[in-house]
Amino acid sequence: MTQDEMKEEVAKAALAYVIEGSIVGVGTGSTANKFIDALATIKDKIKGTVASSEVTAERLRGHGIPVFELNDALSQVNKLSVYIDGADEFDPQKNLTKGGGGALTREKIVAAGSEKFVCIVDESKQVDFLGAFPLPIEVIPMAETLVMSIANNLGGKAQVREGFTTDNGNIIIDVTGLTIKNARQLEDDLNEVPGIVTNGIFSHQGADVILMATPTGVVTFD
Ligand code: 5RP
Numbered sequence: 009m010t011q012d013e014m015k016e017e018v019a020k021a022a023l024a025y026v027i028e029g030s031i032v033g034v035g036t037g038s039t040a041n042k043f044i045d046a047l048a049t050i051k052d053k054i055k056g057t058v059a060s061s062e063v064t065a066e067r068l069r070g071h072g073i074p075v076f077e078l079n080d081a082l083s084q085v086n087k088l089s090v091y092i093d094g095a096d097e098f099d100p101q102k103n104l105t106k107g108g109g110g111a112l113t114r115e116k117i118v119a120a121g122s123e124k125f126v127c128i129v130d131e132s133k134q135v136d137f138l139g140a141f142p143l144p145i146e147v148i149p150m151a152e153t154l155v156m157s158i159a160n161n162l163g164g165k166a167q168v169r170e171g172f173t174t175d176n177g178n179i180i181i182d183v184t185g186l187t188i189k190n191a192r193q194l195e196d197d198l199n200e201v202p203g204i205v206t207n208g209i210f211s212h213q214g215a216d217v218i219l220m221a222t223p224t225g226v227v228t229f230d
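According to this note's numbering, the residues represented by the sequence shown are 9 to 230, in order.
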């Protein structure tokens, strides 16, 4: 089974977590795209979606799936029923690294506005410690130099993502070469730095359920 086929399988498995008549939070990336395509097959059963990026909103609309602003959705319901998204890495505590596609801020917001975060990945994303995948940090442009120096002091190497601007008009700094032994602490420490909008560690907003595709089937961690 190819990686692409595994992504398709795990995306289809996530449909089991979609609650009829509800508003569903939808993530960003190649695995989330497979989920959007699967969701299109049951689009008449849901009220609509909230997208974690402009590109996701466009794909959802392309399938004729209604897309609400999060503020509008949360004026109708207390929380979205479920948020379904991929990840760049997950550890045994279901902490995640996200933001490979640069949508980490909106992803964290939509995850926080949802009852449950179901993370869909293939087995290549499973790690003992986060950090092998570069840690993305969304930064307000005027803080670039300040945050670069702080990020370089984390023990890895920081680099501005060239030619990339987030949906919020900010830059991304990727930090490579980290071994993150305390994901919660590092998420908190980075949250304290002025100019950092969001970091790609999802520990506070870690997954409630991880569905992991393998060549022999989908494994559930909950
Ligand atoms: C985008 C993300 C994605 O969920 C993450 O990069 C995984 O993407 P893919 O499913 O393409 O491997 O966080 O900001």
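We put the beta carbon where it would ideally sit given N, CA and C, even for glycine.
Taking 8 Å as the cut-off, decide whether the C-beta atoms of residue i and residue j are in contact.
{"i": "Ile158", "j": "Asn207", "result": "no"}
{"i": "Gly110", "j": "Phe43", "result": "no"}
{"i": "Gly108", "j": "Gly37", "result": "yes"}
{"i": "Val183", "j": "Gly164", "result": "yes"}
{"i": "Phe210", "j": "Lys106", "result": "yes"}
{"i": "Met220", "j": "Glu115", "result": "no"}
{"i": "Gly72", "j": "Gly35", "result": "no"}
Check each candidate in the options and name the one with the smallest Cα separation from residue i.
{"i": "Gly70", "options": "Ala48, Gly33 and Ala215", "result": "Ala48"}
{"i": "Ala59", "options": "Val32, Lys53 and Leu82", "result": "Val32"}
{"i": "Asn86", "options": "Asp216, Ser38 and Val118", "result": "Val118"}
{"i": "Thr174", "options": "Ala95, Thr228, Glu62 and Gly72", "result": "Glu62"}
{"i": "Leu162", "options": "Pro142, Ile179, Met150 and Ile148", "result": "Pro142"}
{"i": "Gly56", "options": "Glu170, Lys106 and Gln84", "result": "Gln84"}
{"i": "Gln134", "options": "Asn79, Val227, Gly164 and Ala81", "result": "Val227"}
{"i": "Asp216", "options": "Asp99, Thr113 and Leu78", "result": "Asp99"}
{"i": "Asn178", "options": "Ala46, Val205 and Glu200", "result": "Val205"}
{"i": "Lys102", "options": "Phe137, Leu23, Arg114 and Leu82", "result": "Phe137"}
{"i": "Thr39", "options": "Gln167, Ala22 and Ile27", "result": "Ala22"}
{"i": "Asp230", "options": "Thr153, Ile128 and Gly185", "result": "Ile128"}
{"i": "Asn41", "options": "Tyr25, Ile181, Asp12 and Pro74", "result": "Asp12"}
{"i": "Glu195", "options": "Ala65, Gln213, Gly225 and Glu16", "result": "Gln213"}
{"i": "Lys189", "options": "Ser30, Leu104, Thr64 and Lys124", "result": "Leu104"}
Assuming residue i contacts residue j under a Cβ cut-off of 8 Å, what Cβ separation, rounded to an integer in Å, is found between them?
{"i": "Val4", "j": "Ser122", "result": "Shown here, the chain extends from 9 to 230; a query on residue 4 therefore has no answer."}
{"i": "Pro202", "j": "Ala151", "result": "7 Å"}
Around the ligand 5RP, Cβ to any heavy atom closer than 5 Å, ordered along the chain: Thr36, Gly37, Ser38, Thr39, Gly94, Asp96, Lys106, Gly107, Gly108, Gly109 and Ala111
Any beta strand (DSSP E) of 3 or more consecutive residues that is wholly inside the stretch 19–68: 31–34 and 56–59
Contiguous beta strand (DSSP E) assignments of at least 3 residues, all confined to the stretch 66–114: 90–93
Runs of beta strand (DSSP E) wholly within the stretch 147–228 (minimum 3 residues, chain order): 165–168, 179–184, 204–207 and 217–222
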